[in-house]
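Data first, discussion second: the structure below is written as structure tokens.
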Amino acid sequence: MQRAGRPFDSRHGLWPWARSGFCPTGAGGGTTGSARGAPQAAWLGMVVAGIVLSGTATATGTVEEGEELVGMPAPAWTVTTWINSQPLALAKLRGQVVLLRWWTAPGCPFCEASAPYLSQWQERYAPQGLVVIGMYHPKPPGRIPVDVVKTLAQGLGMTFPLAIDPEWETLRRYWLDGREHAWTSVSFLIDREGIIRYVHPGGAYSPEEAQDIEAMIQELLSRSHETDV
Numbered sequence: 049m050q051r052a053g054r055p056f057d058s059r060h061g062l063w064p065w066a067r068s069g070f071c072p073t074g075a076g077g078g079t080t081g082s083a084r085g086a087p088q089a090a091w092l093g094m095v096v097a098g099i100v101l102s103g104t105a106t107a108t109g110t111v112e113e114g115e116e117l118v119g120m121p122a123p124a125w126t127v128t129t130w131i132n133s134q135p136l137a138l139a140k141l142r143g144q145v146v147l148l149r150w151w152t153a154p155g156c157p158f159c160e161a162s163a164p165y166l167s168q169w170q171e172r173y174a175p176q177g178l179v180v181i182g183m184y185h186p187k188p189p190g191r192i193p194v195d196v197v198k199t200l201a202q203g204l205g206m207t208f209p210l211a212i213d214p215e216w217e218t219l220r221r222y223w224l225d226g227r228e229h230a231w232t233s234v235s236f237l238i239d240r241e242g243i244i245r246y247v248h249p250g251g252a253y254s255p256e257e258a259q260d261i262e263a264m265i266q267e268l269l270s271r272s273h274e275t276d277v
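Each residue of the sequence shown is one higher than the one before, counting from 49 in this note's numbering.
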């Protein structure tokens, strides 16, 4: 099971963010559908029609944003400031499964909503070899005091390893360079060999997406190191 992207809801013809009224523009902000009214409905209709006509929807109805990265080696990160952990290097984590999630605060309800899942998975699967890493990226990019990030992380109950990506250097390497994406709060699941196996393109995890991610975590943990995949 190698997957990427946000599930498309065939019952409504919309993605979860569109159905809930949020438009993932810019840094992941948006306004409610009631504020947009008819123009939003027309815009959504054009988006869905455009996707169908362009062939970017698969036969199963799933739009695979980030699919081109699945199966690729995960890049090394360049962050140097760590919280809740000694500095970690991806090369030193071979043999473990890594869940990498970019987050920001304050002002990101999607990151806040997803934080409990990250904590649960770290607690539940760390003994089996899962390492959850939260990459903090300030908006706009720039230096930020470590104590500020510590306080924000404590407010979200984040006790797993955290790194600060102040200028988005690692985020650009993983996700933004040469690509146009609506969200920066992207997640990557990396297998024991350092290969990207799942991409969540950003925003909050829906309950269905959280189930998908947990199932992928379980599958990757079940594979032995150096297993041919």
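Glycine included, C-beta positions come from ideal geometry on N, C-alpha and C. Quick caveat: nothing in here was measured; it's all calculated off a predicted structure.
Same chain, Cβ closer than 6 Å to residue i, neighbours up to 5 away in sequence not counted
| i | result |
| --- | --- |
| F208 | Q170 and V180 |
| R221 | P123 |
| P186 | I192 |
Same chain only: Cβ atoms within 8 Å of residue i, ignoring 5 sequence neighbours per side
| i | result |
| --- | --- |
| L268 | V145, L237, D239, R240 and R245 |
| M120 | I243 and I244 |
| I265 | V145, L147, W169, Y173, L178 and L237 |
Residue i versus residue j - alpha carbon distance
| i | j | result |
| --- | --- | --- |
| V197 | Y184 | 8 Å |
| Q134 | M206 | 15 Å |
| A177 | A137 | Going by the sequence as given, residue 177 is Gly instead of Ala. Taking the straight line from one Cα to the other gives about 15 Å. |
| L117 | W223 | 9 Å |
| F158 | R271 | 31 Å |
| I212 | E228 | 23 Å |
| N132 | L210 | 6 Å |
| W150 | P175 | 23 Å |
| Y253 | S235 | 10 Å |
| G250 | E257 | 11 Å |
| L200 | Y165 | 17 Å |
| P154 | S167 | 18 Å |
| G143 | T152 | 28 Å |
| D225 | A139 | 22 Å |
| C156 | P255 | 18 Å |
| G182 | Q259 | 19 Å |
DSSP state of residue i mapped onto helix, strand, coil
| i | result |
| --- | --- |
| P121 | strand |
| A230 | coil |
| F208 | coil |
| S254 | coil |
| S272 | coil |
| S58 | Low confidence applies here, because S58 scores a pLDDT of 30, under 50, leaving its location unreliable; read the following figure in that light. S58: coil per DSSP, three-state reduction. |
| L136 | coil |
| I192 | coil |
| V145 | strand |
| V127 | coil |
| G114 | coil |
| G182 | strand |
| W216 | coil |
Beta-carbon proximity list for residue i, same chain, < 7 Å, skipping 5 on both sides
| i | result |
| --- | --- |
| P189 | P214, E215 and W216 |
| Q202 | none |
| E262 | W169 |
| L141 | V179 |
Pair within 7 Å by beta-carbon distance, residue i and residue j
| i | j | result |
| --- | --- | --- |
| V194 | T128 | no |
| K161 | L204 | One point to set straight first is that residue 161 is Ala, not Lys, in the sequence displayed. Cβ atoms of A161 and L204: not closer than 7 Å. |
| T232 | W125 | no |
Neighbour flag for residue i against chain B, beta carbons, 7 Å
| i | result |
| --- | --- |
| L268 | Reference to chain B is not applicable here, since this structure consists of a single protein chain. |
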